[in-house]
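Just add 1 to the spot in the sequence shown (first one is 1) and you have my numbering.
We put the beta carbon where it would ideally sit given N, CA and C, even for glycine.
Only a predicted model underlies this, so the values are computations on that prediction, with no experimental measurement involved.
Working notes, structure below.
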Amino acid sequence: MKTTKFEILIYNKINKKLIALIYTIVFSNFQYAQSIKENINCKTSPTSSAIKSIEFQALYLGEIIPKSTNLKWKPIIINKCIKHGAPEEEEISKIRASYPKKIKFDSSKNEALVNVTTTNDAVVARNFIGNLNSGTTPMDNSIAISNNGNIISVANSTIEFYDSDGRLIFSNSIEAFFNDPNIINTCDPLVIYDSGSDKFIFFAQECSGSTDNTFLLVCFSESNDPTGKWHKYKLNGNPAGNNTWFDYPKIALSNNELYITGNSFTDNGPFKEALLYQIEKNNGFNGGNIKWQYWHNISGNPSTLLPVSNGHLGNYGPGCYLVSTKSGGSDKIEFYDLTNDMSASDEQLNHYTINTTAYKPSAKGYQKNSTIELDNGDCRAMSGFYLNGTLHFVFHSEYSNGYQGINYNRIDVSNLSITSKLFGLENYEYSYPSVASFSTDKNDKSVLIGFLRGGSSIYPEFRVVKCNDDMTWNGSILVKDGEDYCQIIGSSSEPERWGDYTGISRKHNSQTPCVWVNGMFGNSNNKWDTWIGEITEQNNTNLIVPEKQSIIAFPNPVQKTFNLEFETSSNETIIIELFDQSGKLVIQLFNDIVHPGKNHFQFNTTSLANGTYTLLFSANKKILRNEKIIISN
2 MKTTKFEILI YNKINKKLIA LIYTIVFSNF QYAQSIKENI NCKTSPTSSA IKSIEFQALY
62 LGEIIPKSTN LKWKPIIINK CIKHGAPEEE EISKIRASYP KKIKFDSSKN EALVNVTTTN
122 DAVVARNFIG NLNSGTTPMD NSIAISNNGN IISVANSTIE FYDSDGRLIF SNSIEAFFND
182 PNIINTCDPL VIYDSGSDKF IFFAQECSGS TDNTFLLVCF SESNDPTGKW HKYKLNGNPA
242 GNNTWFDYPK IALSNNELYI TGNSFTDNGP FKEALLYQIE KNNGFNGGNI KWQYWHNISG
302 NPSTLLPVSN GHLGNYGPGC YLVSTKSGGS DKIEFYDLTN DMSASDEQLN HYTINTTAYK
362 PSAKGYQKNS TIELDNGDCR AMSGFYLNGT LHFVFHSEYS NGYQGINYNR IDVSNLSITS
422 KLFGLENYEY SYPSVASFST DKNDKSVLIG FLRGGSSIYP EFRVVKCNDD MTWNGSILVK
482 DGEDYCQIIG SSSEPERWGD YTGISRKHNS QTPCVWVNGM FGNSNNKWDT WIGEITEQNN
542 TNLIVPEKQS IIAFPNPVQK TFNLEFETSS NETIIIELFD QSGKLVIQLF NDIVHPGKNH
602 FQFNTTSLAN GTYTLLFSAN KKILRNEKII ISN
């Protein structure tokens, strides 16, 4: 027996058939749980002309204990949100006017003939109706799912909780959830799952359009159960006191911080500048006052800043990466590196400009059986993530002849080189994309993109498409077909609001790629509703869940020695790793080949501080089990 600091012992006992495939995972691949940002080694020196504010403190406003409305009738009263404009609205209007009138439909066009080079290996698994329309437009969808299967789905005015089988367990208006009499109305809600902390963060903005009443509403869950306690905060949406209000938010996470970005608009409407809020998150989860600061006068004059979270389990840092695209089109991507956490005091917001293929907005879109056109928005960056040295992000732009397509991009952060690929089809609009990793290996760059599709031959629908590691496309997959055209505010002179976002969330503890999405579709009442879908690999939709006893871990709590028993049917490479509560790797306990049969593993815990840890067990690069263990030496 070879003894190490942790006194690892692993030995083969007897040959026996593998009992079952293990599917009792709570976390995804912890190899990627804590990630360090890349060093940027491009030839261009960064500019750092952004102003950092003083530190502010957001007072803890108390607990939220969610109180659902009647789930059968769902009676909800809301104030309709104001209509927001684009930062470059006049320029976009001129571009759209330059396009020739679109041909209504050409049946000879086929997506597979234009884009697809790979057989589809993704499929819609579980799917169900989500947030219903409450009189606002667009739906502004966002979604998050925890490792234990709790789902939060939000739309412009409602927040709902589901289990992964689609059972609705909570529904209410956002105003009722936040419960503040000074909040007139809300819009642009966003929800994110912090897989490093196993908790949720919910955001909405007060959207009356008043510079005197513009707030960022932020709620931190106390656990991975959204029906439990939340802690709530309000941050000033006009922190400079310069008669502006906050809109078009984006959010992301790092190891220690929450980032919220948005555009400031003056009281009479015109865009002024983008803001970046840098917020400590741990006190938010614990229910204490939280520190925050903001950045303004940002180099490159971004119209929307997209911060990105880590693409697999856990977070990265310190600081975060951000990208921005020009709303009215350009041949440039603006890249930003927030170099450190707020607590470091030496943090900078470095700016780089990256050349890319020219992009521009598309013309308005059609709907079947209606003269009401769809608003295709502009070219702002919509969604993204960072993983293993690559920043992935999507937006929409003209695909061909005025039709809109998905513009998917990868930035190699080390040298700031960019690769981009369009996906679309004349006759159709591919709009409002969102993106998530669709792999279990950090080296695999495959992604899943959710999007809305419209056209003169179809009602507005919701779809997904996979882009593979080599930047080839699968065919797109229908998540929910449109039932009829939509008309809420649209008219012969004004397009119907569409989007402004689709939601996407990777499920980290899935054994194979699994992503949850939500987006809007035209319902049978000529309104918008939300559809929720689970997207998995095609050959893994009927997984058999084995007995948990296939791996036996004991004792727990642990005093001095921890034991693990498992069986294999062939030689397999086993990796056993230990992580702390923040998701940081403490030690890789074992990485070697084991022989067929029943195996026993143990290690000495006396070198560890008392507390809660997570033991991760992998076989042949697939996560088979994790065990939360309590050390009590």
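(message) Restricting to Cα atoms, I'd like to know which of 195, 332 and 405 is closest to residue 316.
(response) It is 195.
(request) For residue 242, count neighbouring C-beta atoms within 10 Å of its own C-beta (all shown protein chains included) and say buried if the count is 16 or more, exposed if not. (result) Residue burial annotation: residue 242 is exposed, with fewer than 16 other C-beta atoms found within 10 angstroms of its C-beta.
(request) List the whole-angstrom C-beta distance separating residue 261 from residue 178, where the pair is believed to meet the contact cut-off of C-beta under 8 Å. (result) The Cβ separation is near 18 Å, so there is no contact.
(request) Report the rounded CA-to-CA distance for residue 341 versus residue 608, giving the unit in angstroms. (result) 31 Å
(request) Quick one: give me the first and last residue of the alpha helix (DSSP H) that residue 175 is part of. (result) 175-179
(message) So, under 8 Å CB-CB, residue 388 and residue 298 are touching, yes? Tell me the CB distance rounded to an integer number of Å.
(response) Between residue 298 and residue 388 the Cβ distance is about 31 Å, and since that is not below 8 Å, they are no contact.
(message) Checking the sheet assignment: what are the DSSP bridge partners for residue 387?
(response) 311 and 392
(request) Under 8 Å by Cβ, that's how I've got residue 270 and residue 250 pegged, so tell me the actual separation to the nearest angstrom. (result) Not quite, the Cβ-Cβ distance comes to about 18 Å (not below 8 Å), so this is no contact.
(request) Label residue 370 either buried or exposed according to how many other C-beta atoms from any shown protein chain fall within 10 Å of its C-beta, with 16 as the threshold for buried. (result) Looking at its Cβ environment, which holds fewer than 16 other Cβ atoms inside 10 Å, residue 370 is exposed.
(request) Classify residue 292 as helix, strand or coil using the three-state DSSP reduction. (result) strand
(request) Give the DSSP-derived three-state secondary structure of residue 521 in the structure shown. (result) Residue 521 carries a strand assignment under DSSP once its states are collapsed to helix, strand and coil.
(request) Take every Cβ of the segment 463-472, pair it with every Cβ of the segment 485-496, and state whether three or more of those distances are shorter than 8 Å. (result) No contact exists between the segment 463-472 and the segment 485-496.
(message) Along the chain, where does the beta strand (DSSP E) containing residue 600 start, and where does it finish?
(response) Run containing residue 600: 598-605, per the beta strand (DSSP E) assignment.
(message) Please state whether the Cβ-Cβ distance between residue 606 and residue 632 is less than 7 Å.
(response) yes
(request) With distances taken Cα to Cα, identify the nearest neighbour of residue 307 among 384, 223 and 265. (result) Nearest in C-alpha terms to residue 307, of all of 384, 223 and 265, is 384.
(request) Spatial neighbours of residue 125 within its chain, please: CB distance less than 8 Å, with the 5 preceding and 5 following residues excluded, ordered by chain position. (result) 465, 478, 479, 480, 534, 535 and 536
(message) Taking 7 Å as the threshold (C-beta atoms), are residue 324 and residue 394 in contact?
(response) yes
(message) What residue range does the alpha helix (DSSP H) around residue 504 cover?
(response) Taken as a continuous stretch (DSSP letters only), residue 504 belongs to no alpha helix (DSSP H), being part of the beta strand (DSSP E) at 504-507.
(request) Have a look at 231, 309 and 412 and flag the residue whose alpha-carbon is nearest the alpha-carbon of residue 446. (result) 412
(message) DSSP three-state label for residue 112, please.
(response) helix
(message) Extract the residue ranges of the beta strand (DSSP E) inside the segment 224-310, only unbroken runs of 3 or more that lie entirely within it.
(response) 231-237, 245-254, 258-267, 272-281 and 291-297
(message) Check for me: the beta strand (DSSP E) holding residue 635 runs from which residue to which?
(response) The question about residue 635 has no answer here: the residues shown for the chain are numbered 2 through 634.
(request) Sort 265, 169 and 218 by Cα distance to residue 228 and report the nearest one. (result) For the options 265, 169 and 218, the alpha carbon positioned closest to that of residue 228 is the one of 169.
(request) Would you mind reading off the limits of the beta strand (DSSP E) that contains residue 366? (result) 366-368
(request) Classify residue 327 as helix, strand or coil using the three-state DSSP reduction. (result) coil
(request) Note down the Cα distance separating residue 440 from residue 514, rounded to an integer number of angstroms. (result) 5 Å
(request) Check residue 92 in the structure and name its three-state DSSP category. (result) helix
(message) For residue 430, tell me which candidate among 452, 410 and 417 has the shortest Cα-Cα distance.
(response) Shortest Cα-Cα distance from residue 430 to any of 452, 410 and 417 involves 452.
(request) Express the C-alpha separation of residue 144 and residue 458 in angstroms, rounding to a whole number. (result) 29 Å
(request) Count the C-beta pairs between the segment 562-573 and the segment 180-199 that are closer than 8 Å, then say yes if the count reaches three, no if not. (result) Too few Cβ pairs lie closer than 8 Å, so no.
(request) Go ahead and pull the three-state DSSP assignment for residue 97. (result) helix
(request) Using DSSP bridges, identify the partner residues of residue 58. (result) 292
(message) Taking 7 Å as the threshold (C-beta atoms), are residue 309 and residue 253 in contact?
(response) yes
(message) With distance defined between alpha-carbon atoms, name the residue in 101, 475, 133 and 100 nearest to residue 528.
(response) If we check each option's Cα against that of residue 528, 133 comes out closest.
(message) Looking only at its chain, what residues have a beta carbon closer than 6 Å to the beta carbon of residue 589, apart from the 5 residues adjacent to it on each side?
(response) 578
(message) Rounded to whole angstroms, what is the Cα-Cα separation between residue 148 and residue 516?
(response) 12 Å
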